[in-house]
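Undergrad: One structure, pasted below without further comment.
Number of protein chains: 2
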Amino acid sequence: MRVLGVDPGLTRCGVGVVEGAPGRPLRMLGVGVVRTPAEDEVPRRLLAIEDGLERWLDEHRPDLVAIERVFAQHNVSTVMGTAQASAVAMLCATRRGLPVVLHTPSEVKAAVTGSGRADKAQVTTMVTRLLRLAEPPKPADAADALALAICHIWRGSADGRIAAALANRTTPTTKASKEYRP
Amino acid sequence: MRVLGVDPGLTRCGVGVVEGAPGRPLRMLGVGVVRTPAEDEVPRRLLAIEDGLERWLDEHRPDLVAIERVFAQHNVSTVMGTAQASAVAMLCATRRGLPVVLHTPSEVKAAVTGSGRADKAQVTTMVTRLLRLAEPPKPADAADALALAICHIWRGSADGRIAAALANRTTPTTKASKEYRP
Chain R
3 MRVLGVDPGL
13 TRCGVGVVEG
23 APGRPLRMLG
33 VGVVRTPAED
43 EVPRRLLAIE
53 DGLERWLDEH
63 RPDLVAIERV
73 FAQHNVSTVM
83 GTAQASAVAM
93 LCATRRGLPV
103 VLHTPSEVKA
113 AVTGSGRADK
123 AQVTTMVTRL
133 LRLAEPPKPA
143 DAADALALAI
153 CHIWRGSADG
163 RIAAALANRT
173 TPTTKASKEY
183 RP
Chain A
3 MRVLGVDPGL
13 TRCGVGVVEG
23 APGRPLRMLG
33 VGVVRTPAED
43 EVPRRLLAIE
53 DGLERWLDEH
63 RPDLVAIERV
73 FAQHNVSTVM
83 GTAQASAVAM
93 LCATRRGLPV
103 VLHTPSEVKA
113 AVTGSGRADK
123 AQVTTMVTRL
133 LRLAEPPKPA
143 DAADALALAI
153 CHIWRGSADG
163 RIAAALANRT
173 TPTTKASKEY
183 RP
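Quick look at the structure:
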């Protein structure tokens, strides 16, 4: 399964593509940031984000897009831009018929570090380790996008395995789940 | 000048098309609401809003899109959806190369009623009167979309006139401005 993770933002929209499957090592296919200039007007910035994400989707052809769920309680000054950037990401994916899954920041942190309250540095460390990267991905938005994709591969695969197990009671699920949980 | 006004919302996105020019009566070309089912997931709802707005843009070919500016201080439970719907509207317009203008709710109320603190009923009454409609437009989101378009025709035209006056100092601007201000 190939997942595009998106950490939405108007100034920096983190993107990361990870391929993975139950019991097999994760592989990073790409990571980056779609940036838009703060001096541009919001409609133009949203269009630039759309263009940027379309290019990532064209190049990597993911099976699914995982986006960070935005909460209204976040920093009020940035939440509107974050909500708008996430809308663009949802639209780009859905228009192509790709499933979209939203994960909360604490789900993502728990998936890659084991703790829903891990800090940014811890997430970056674990992303670097899990993907066997020579250097930590920068900026934090790019690392977060990879963490989102990893989170989905692990969570989504578990759900898929449960569904498969229910459909075919002979599938061994317990061993596989231990192999690739962090 | 033909303006599409959009009152963004996930459940009801008000749309209204108004044509107008300095010193001439306003004319409503269309009004409606793009609705999306609350039980659908957000990505699907955003796609439905995009489809709906594209149809309005195709049919009415406005010169400009006026959208209500969303504030984070609004009702927290609906502000995220409103921000996301407004992002879709901005994207649809900008993708076509149409200018997007954002007006605050109080600018819109002040434009059509003379008071920035007018209530919804007052806005609907004035929209009905200014467009010489047989019946008030319903729901309130549709009336608000028309009010946004009217607000822009009046404000935008004034700005345009000022720019024209600066470019050509012989243009008489004062009289015209009195003719069509509410």
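Chains as they are written, first to last, in the numbering used here: chain R, 3 to 184; chain A, 3 to 184. Heads up, the beta-carbon is just placed ideally off N, CA and C, and yes, glycines get one too. The model shown is predicted, which means the values in this text are computed figures rather than measured ones.
1. Would you please verify whether the beta carbon of glutamate 137 (chain A) is less than 8 Å from any beta carbon of chain R?
2. So the beta strand (DSSP E) valine 129 (chain R) belongs to, where does it begin and stop?
3. Roughly how many angstroms lie between the CA atoms of arginine 14 (chain R) and valine 36 (chain R), to the nearest whole one?
4. Could you round the C-beta distance between threonine 126 (chain A) and alanine 142 (chain A) to whole angstroms and report it? I think they count as a contact, below 8 Å.
5. Tell me which residues share the same chain as leucine 100 (chain R) and place their Cβ nearer than 8 Å to its Cβ, disregarding the 5 neighbours each side in the sequence.
6. Skipping 5 residues on each side, what residues in its chain have a beta carbon closer than 6 Å to that of lysine 180 (chain R)?
7. Spatial neighbours of serine 88 (chain R) within its chain, please: C-beta separation below 6 Å, excluding the five flanking residues on both sides.
8. Give, in chain order, every residue of the stretch 29 to 46 of chain R whose Cβ lies closer than 9 Å to some Cβ of chain A.
9. Let's test the definition: count the other Cβ atoms within 10 Å of the Cβ of leucine 52 (chain A) and tell me whether it reaches 16, buried, or not, exposed.
10. What's the gap between the Cα of valine 5 (chain A) and the Cα of histidine 105 (chain R)?
11. With a threshold of 8 Å between beta-carbons, can glycine 11 (chain R) be considered close to chain A, or not?
12. Would DSSP call proline 184 (chain R) helix, strand or coil?
13. What does DSSP give as the partner residue(s) for methionine 70 (chain R) in the beta ladder?
14. With 8 Å set as the bound, which would you pick, yes or no: does the beta-carbon of arginine 14 (chain A) sit closer than that to a beta-carbon of chain R?
15. Candidates R:Ala40, R:Ser108, R:Val129 and R:Leu49: which alpha carbon is nearest alanine 91 (chain A)'s?
16. For a contact defined as C-beta to C-beta under 7 Å, what are the partners of arginine 98 (chain A) on chain R?
17. So, with DSSP's three-state summary, where would you put glutamate 21 (chain A)?
18. Are the C-beta atoms of glutamate 52 (chain A) and some chain R residue less than 8 Å apart?
19. With a CB to CB cut of under 8 Å and the five nearest residues on each side skipped, what residues in its chain are close to histidine 62 (chain A)?
20. Could you give the first and the last residue of the continuous alpha helix (DSSP H) run that contains glycine 54 (chain A)?
21. Rounding to the nearest angstrom, what Cα-Cα distance links valine 17 (chain R) and arginine 97 (chain A) in this structure?
22. Quick one: what does DSSP say leucine 6 (chain R) is sitting in, helix, strand or coil?
23. Should threonine 38 (chain A) and leucine 12 (chain A) be called a contact, given that it needs their Cβ atoms to be closer than 8 Å?
24. Could you give the residue range of the beta strand (DSSP E) that holds glycine 32 (chain A)?
TA: Inspection of the coordinates gives the following:
1. Taking Cβ atoms only, chain R never reaches closer than 8 Å to glutamate 137 (chain A), which makes this a no.
2. Membership of valine 129 (chain R) in any beta strand (DSSP E) is not indicated; the residue belongs instead to the alpha helix (DSSP H) covering 122 to 132.
3. Rounded to the nearest angstrom, the two C-alpha atoms are 6 Å apart.
4. Yes, they are in contact, since the Cβ atoms of threonine 126 (chain A) and alanine 142 (chain A) sit about 7 Å apart, within 8 Å.
5. When the five nearest sequence neighbours on each side are left out, the beta carbons in the same chain lying within less than 8 Å of the beta carbon of leucine 100 (chain R) are those of Leu59, Pro64, Asp65, Leu66 and Val67, in order along the chain.
6. With a pLDDT of 29 at lysine 180 (chain R), under the threshold of 50, the predicted position of this residue should be treated as unreliable, though the coordinate-derived value follows. Hits under 6 Å: none found.
7. The residues are Pro10, Ile69 and Val72.
8. Contact residues of the stretch 29 to 46 of chain R toward chain A are Glu43, Val44, Pro45 and Arg46 (C-beta to C-beta distance below 9 Å).
9. Contrary to the premise, residue 52 (chain A) reads as glutamate rather than leucine in this sequence. A buried status is given to glutamate 52 (chain A), since no fewer than 16 other beta-carbon atoms sit within 10 Å of its beta-carbon.
10. Cα-Cα distance, rounded: 38 Å.
11. Answer no: the Cβ-Cβ gap between glycine 11 (chain R) and chain A never drops below 8 Å.
12. With a pLDDT of 30 at proline 184 (chain R), under the threshold of 50, the predicted position of this residue should be treated as unreliable, and no value is reported.
13. At residue 70 (chain R) the sequence reads glutamate, which differs from the methionine that was named. Within the DSSP bridge table, the entry for glutamate 70 (chain R) names R:His105 as partners.
14. Answer no: the Cβ-Cβ gap between arginine 14 (chain A) and chain R never drops below 8 Å.
15. Looking from the CA of alanine 91 (chain A), the closest CA among R:Ala40, R:Ser108, R:Val129 and R:Leu49 belongs to R:Leu49.
16. Those within 7 Å of arginine 98 (chain A) in chain R number zero; the least Cβ separation is about 10 Å.
17. Note: glutamate 21 (chain A) maps to strand in three-state DSSP.
18. Yes, contact with chain R.
19. The answer, listed in chain order, is Arg4, Leu6, Val19, Leu31 and Gly32.
20. Per DSSP, glycine 54 (chain A) belongs to the alpha helix (DSSP H) from 44 to 62.
21. If you take the alpha carbons of valine 17 (chain R) and arginine 97 (chain A), they lie about 22 Å apart.
22. In the structure shown, leucine 6 (chain R) sits in a strand (DSSP, three-state: E or B).
23. Yes, they are a contact pair.
24. From DSSP, the beta strand (DSSP E) with glycine 32 (chain A) extends over 29 to 37.
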